[in-house]
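Engineer: Residue numbers (the working numbering), protein chains in the order written: chain L, 226 to 334; chain G, 226 to 334.
Protein chains: 2
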Amino acid sequence: MSAATHTHDLDQLPDQISEDELCELAELFKIFGDSTRIRILFALFRSEKNVTEICEALEMNQSAISHQLKILRTSKLISARREGKAMVYSLADDHVKTIIAMGKEHIEE
Amino acid sequence: MSAATHTHDLDQLPDQISEDELCELAELFKIFGDSTRIRILFALFRSEKNVTEICEALEMNQSAISHQLKILRTSKLISARREGKAMVYSLADDHVKTIIAMGKEHIEE
DNA sequence: TTAACATATGAATATATTATCATATGTTTA
DNA sequence: TAAACATATGATAATATATTCATATGTTAA
Chain L
226 MSAATHTHDL DQLPDQISED ELCELAELFK IFGDSTRIRI LFALFRSEKN
276 VTEICEALEM NQSAISHQLK ILRTSKLISA RREGKAMVYS LADDHVKTII
326 AMGKEHIEE
Chain G
226 MSAATHTHDL DQLPDQISED ELCELAELFK IFGDSTRIRI LFALFRSEKN
276 VTEICEALEM NQSAISHQLK ILRTSKLISA RREGKAMVYS LADDHVKTII
326 AMGKEHIEE
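1. Hey, could you find the ends of the beta strand (DSSP E) A305 of chain L is sitting in?
2. Where does the unbroken alpha helix (DSSP H) through M327 of chain L begin, and where does it stop?
3. For chain L, check one thing: does any of its Cβ atoms lie closer than 9 Å to the Cβ of H292 of chain G?
4. What residue range is occupied by the uninterrupted alpha helix (DSSP H) comprising S291 of chain L?
5. Applying a beta-carbon distance threshold of less than 8 Å, which residues of chain G neighbour R264 of chain L?
6. Flag this pair as touching only if the segment 267-277 of chain L and the segment 308-324 of chain L have three or more C-beta atom pairs under 8 Å; answer yes or no.
7. Spell out a yes or no on whether the segment 260-274 of chain G and the segment 317-333 of chain L are touching, meaning 3 or more CB-CB pairs, one atom from each, closer than 8 Å.
8. Roughly how many angstroms separate the alpha carbons of A282 of chain L and A251 of chain L, rounded to a whole number?
9. From L:R306, L:S300, L:A305, L:D319, pick the residue whose C-alpha is nearest to that of F257 of chain L; which is it?
10. Could you list the residues in the segment 250-280 of chain L with a C-beta less than 7 Å from some C-beta on chain G, going in chain order?
11. If the cut-off is 9 Å on Cβ atoms, which residues from the segment 319-333 of chain L count as contacting chain G, listed in chain order?
12. From the DSSP output, read off the bridge partner residues of A311 of chain L.
13. What's the C-alpha gap between L297 of chain G and S304 of chain L?
14. In terms of DSSP beta bridges, what is L316 of chain L paired with?
15. Would a check of beta-carbon distances place Y314 of chain G closer than 9 Å to chain L?
16. Determine the contact status of F254 of chain L and L316 of chain L, defining contact as a CB-CB distance below 9 Å.
17. Here's a check: name, in chain order, each residue in its chain whose Cβ is nearer than 7 Å to the Cβ of R306 of chain G, leaving out the five neighbours to either side.
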C-alpha cells in the first residue's frame, strides 16, 4: 500500500459519528455482505446490464436476481432505467467501486 | 468529494477478481454489516479496550460482546493481548478505518 | 388486442445469525 | 489453595435473510 493511500485513508477517518450513523453504516455493509449481491455489483463494474444478462452472468434464476436487485436499488448502490422491455441496471456511483477496492486490499494482505 | 480522492478510488479499482475472492469479500463485508460489531470497531478507533470497557461503552452484556469479539478476531479485524486478568482488544490495521471511512462517505451523500 | 417477452413481487421454506443463559476456563489475590 | 474477577463458549430461542415457486405487472410486436 502506498503512502499516498494512507494519507487518503487518514484524511477520511471518522472521528465523530453518531449511533444512528453507525447503524446506517452497518446497513450499508450488510448489502455488500452477500455473495450474490457482490457478484451483481461486480458484473456491473464492466458495463451496465439488463436483468437477463445478469442472470446469465451469475447463472442464477431471475427471481433471485430481481429480489437482490431491489435491495441494491433501495440502498442506492445501483440505478435502473427502462429500455424497451428490459430494465438496465448500472452502478449508482464510484463509491461502490471504492468500497469493494478497499475490501479487496484488506483480504489480499 | 475531492478530485484527489477520486483519483485514489480509481487507482484501486479491481478489474479482475475471482469468484473465490468475491466470496471472501462478501464474508469481510458481512462482518461490518452488524451494528454491534461496527460499534465495537468504532469504540476501538479511539483506543484499545478490554472486554469490560467495551461492554460499558456499548451497554451490552458480556457474553454478546465476547461472541462478537471472537468473530472480529477470526476475521483478523482486531487483535488481542492478555493484560493480567483482562483481554485487551485493538484494531488490527488501518484498513478497518479506511473501510468504515469509505462507507461513511457514501451514506453522507 | 392478444401473445410473447421481460421483470417484479408475495408467500413459503430453508438457512443463517444474534443475543441470552448457564457454565467453563483462565488469572490474580487474599 | 480458595475465592473473586475477567473472559470464553456451548446450547437455545428468536429473528433475519436468501432462494424458490407461482403469478402479477409492464412492454412490444404480430
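Note that the Cβ used here is the ideal one computed from N, Cα and C, for glycine as well.
None of these values were measured; they are calculated from a predicted model.
Structural biologist: So, from the listed chains and residues:
1. Taken as a continuous stretch (DSSP letters only), the beta strand (DSSP E) holding A305 of chain L covers 303-308.
2. Unbroken alpha helix (DSSP H) run through M327 of chain L: 319-332.
3. With 9 Å as the cut-off, H292 of chain G does not count as an interface residue toward chain L.
4. Membership of S291 of chain L in the alpha helix (DSSP H) is indicated by the continuous run 287-299.
5. Chain G residues near R264 of chain L: E244, L247.
6. In this structure the segment 267-277 of chain L lies against the segment 308-324 of chain L, because at least three pairs of beta carbons, one per stretch, are closer than 8 Å.
7. Not touching, per the Cβ criterion.
8. In a straight line, the C-alpha of A282 of chain L is about 28 Å away from that of A251 of chain L.
9. Taking only the C-alpha atoms, the option nearest F257 of chain L is L:S300.
10. Within the segment 250-280 of chain L, the residues whose Cβ lies closer than 7 Å to some Cβ of chain G are L250, A251, L253, F254, K255, F257, G258, D259, S260, I263, R264, F267, listed in chain order.
11. Residues of the segment 319-333 of chain L with a Cβ closer than 9 Å to any Cβ of chain G, in chain order: D319, H320, V321, K322, T323, I324, I325, A326, M327, G328, K329, E330, H331, I332, E333.
12. For A311 of chain L, the pairing in a beta bridge is given by DSSP as L:E308.
13. Spanning the two alpha carbons is a distance of roughly 32 Å.
14. Beta bridge pairing from DSSP links L316 of chain L with L:I303.
15. For Y314 of chain G, the answer is no, since every Cβ of chain L falls outside 9 Å of its Cβ.
16. Not a contact, by the Cβ cut-off of 9 Å.
17. Contacts found: V313.
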